[in-house]
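J.: Numbered continuously in numbering that gives the first Met the number 0, the sequence shown closes out at residue 262. A virtual CB, placed ideally from N, CA and C, is assigned to each residue, including glycine. Just so you know, these numbers come straight off a predicted model, no measurement behind them.
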Amino acid sequence: MSNATEFDEWICHLHKQPCHVVYTDFRPTPLQHYVFPVGGAGLYLVVDESEQFREDNFMKLQDTFSKQKIGEGNKSANGKASGRIAKGGNTSGGSDIYKIVKLKSKMRDSQLQKFREELKNRSRVLKRLGHIDADGVVQLKGRAACLIDTGDELLVTELMFNGTFNDLDHHQVAALASCFIPIQFECKLDINVDEYVESTVRPFLMDVIYCWSKGGSISEVMQMTDIFEGSVIKSSRRLDDFLNQLREVSMESKFAAASESLR
0 MSNATEFDEW ICHLHKQPCH VVYTDFRPTP LQHYVFPVGG AGLYLVVDES
50 EQFREDNFMK LQDTFSKQKI GEGNKSANGK ASGRIAKGGN TSGGSDIYKI
100 VKLKSKMRDS QLQKFREELK NRSRVLKRLG HIDADGVVQL KGRAACLIDT
150 GDELLVTELM FNGTFNDLDH HQVAALASCF IPIQFECKLD INVDEYVEST
200 VRPFLMDVIY CWSKGGSISE VMQMTDIFEG SVIKSSRRLD DFLNQLREVS
250 MESKFAAASE SLR
């Protein structure tokens, strides 16, 4: 509860005794919204545990308010009562509480709900790849992927666990790793699915990085590409960071040697 402290103070004030608030990571029981009309009878479930708005129950609740108003009106007309009239609106849907509950219902189709669906889809991918288990607990592959943020962590983790880097020397490792430096992220470009698939592996710097790793001079390297010198240097620095992240996952000596060969 966001206002747990205020709730605690309220309970203490009512019962004149200490109150302990216990927090849990997950709700122990499904959340349901009930309304009890003041001066009325019955308990009305308006939002169920699936966050579905129960419009039929809400309309029954509104009917009790309408009947209550009629009763109060008759009493006032007879001069017997002129006290408080219950606030509930009418069945036309114009009351504030009706609008609030309807708005909550519409939130299921909002951007927040889309994020929830995306989270489910991404979690499904991680389960199929073995990064998390059926209960959502992070596995070895998942912990390895968490150490990588310079390149495509899922693809690189798959390559590492499939032994792609095992038979390569450190020069070849540096060249292959250069394919995963996400230059487009630096430019803050939006990427659609087709563009991402085509640009996930970018081999245009492999020969350049391999030559540089083998000890080639900057002039020799720049003759091999039409990319600006500053971009090549910047990419090599990101590659160095990337290799240092990979050494935290596996084959420390090989990735360390590849990183050192770029300096």
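Just the C-alpha distance for S177 and D47, rounded to the nearest angstrom, thanks.
T.: Position 178 of the sequence shown, counted from the first residue, corresponds to residue 177. Position 48 of the sequence shown, counted from the first residue, corresponds to residue 47. Straight-line Cα distance between these residues: approximately 52 Å.
J.: Using 10 angstroms around the beta-carbon of T63, count the other beta-carbons present and answer buried if the total reaches 16, otherwise exposed.
T.: For the purposes of this step, residue 63 is taken as residue 64 along the sequence shown, with counting starting at 1. Looking at its Cβ environment, which holds 16 or more other Cβ atoms inside 10 Å, T63 is buried.
J.: What span of residues does the alpha helix (DSSP H) with V137 cover, start to end?
T.: Counting from 1 along the sequence shown, the entry for residue 137 is found at position 138. Here V137 belongs to no alpha helix (DSSP H), and DSSP marks it neither H nor E.
J.: Roughly how far, in whole angstroms, is the beta-carbon of L267 from the beta-carbon of L153, given that I think they are within contact range, below 8 Å?
T.: Coverage of the chain is limited to positions 0 through 262, which leaves residue 267 absent and any answer about it impossible.
J.: Tell me whether the segment 113-125 and the segment 210-221 touch, counting them as touching only if at least three CB pairs, one residue from each stretch, are closer than 8 Å.
T.: Short answer: they don't touch.
J.: Whole angstroms is fine: what's the gap from F179's alpha carbon to S122's?
T.: Residue numbering aside, residue 179 sits at position 180 when the sequence shown is read from its first letter. Residue numbering aside, residue 122 sits at position 123 when the sequence shown is read from its first letter. Their Cα atoms are separated by approximately 23 Å.
J.: Check whether the segment 149-166 touches the segment 233-249, counting contact only when three or more Cβ pairs, one atom from each stretch, lie closer than 8 Å.
T.: In short, these stretches touch, since the Cβ pair count reaches three.
J.: Taking the CB atoms as reference points, tell me whether A173 and A255 lie closer together than 8 Å.
T.: Here residue 173 refers to the residue found at position 174 of the sequence shown. Here residue 255 refers to the residue found at position 256 of the sequence shown. Against a cut-off of 8 Å, the Cβ pair of A255 and A173 comes out as no contact.
J.: Sort P17, S230 and R53 by Cα distance to V34 and report the nearest one.
T.: In the sequence shown, the residue the question calls residue 34 occupies position 35. Checking every option, the nearest Cα to that of V34 belongs to R53.
J.: My guess is that L261 and S234 are in contact by the Cβ rule of under 8 Å, so how many angstroms apart are they, rounded?
T.: Your numbering for residue 261 matches position 262 in the sequence shown. Your numbering for residue 234 matches position 235 in the sequence shown. Wrong, their Cβ atoms sit about 10 Å apart, outside the cutoff.
J.: Taking 6 Å as the limit between beta carbons, can you name the residues of its chain near W211, skipping five residues before and five after?
T.: Here residue 211 corresponds to residue number 212 of the sequence shown, with the count starting at 1. So the list reads V220, once near-sequence residues are dropped.
J.: Considering only residues of the same chain and omitting the five flanking positions on each side of P17, which have a CB-CB separation below 7 Å?
T.: On the sequence shown, position 18 is the one that residue 17 refers to. Only C11 meet the Cβ criterion.
J.: Is there a Cβ from chain B that is less than 8 Å from the Cβ of K105?
T.: No chain B appears in the structure shown, which is made up of a single protein chain.
J.: Does the beta-carbon of H130 have 16 or more other beta-carbons within 10 angstroms, so that it is buried, or is it exposed?
T.: As a first step, residue 130 must be located in the sequence shown, where it is residue number 131. Under this definition H130 is a buried residue.
J.: Based on Cα-Cα distance, which residue from K15, H14, V20 and L13 lies nearest to T4?
T.: Translated into the one-based positions of the sequence shown, residue 4 becomes position 5. Among K15, H14, V20 and L13, the Cα nearest to that of T4 is on V20.
J.: Where A133 and I99 are concerned, what is the direct C-alpha to C-alpha distance, given to the nearest angstrom?
T.: Along the sequence shown, read from residue 1 onward, the residue named residue 133 stands at position 134. Along the sequence shown, read from residue 1 onward, the residue named residue 99 stands at position 100. Their Cα atoms are separated by approximately 37 Å.
J.: Relative to the C-alpha of K101, which candidate in Q51, K113, L125 and F6 has its C-alpha closest?
T.: Counting from one through the sequence shown, the residue named residue 101 turns up at place 102. Of Q51, K113, L125 and F6, the residue nearest in Cα terms is Q51.
J.: Helix, strand or coil for H12 per DSSP?
T.: Residue numbering aside, residue 12 sits at position 13 when the sequence shown is read from its first letter. Helix.
J.: Over what stretch of residues does the alpha helix (DSSP H) that includes L245 continue unbroken?
T.: Sequence index remark: in the sequence shown, residue 245 carries index 246 (1-based). Unbroken alpha helix (DSSP H) run through L245: E228 to R246.
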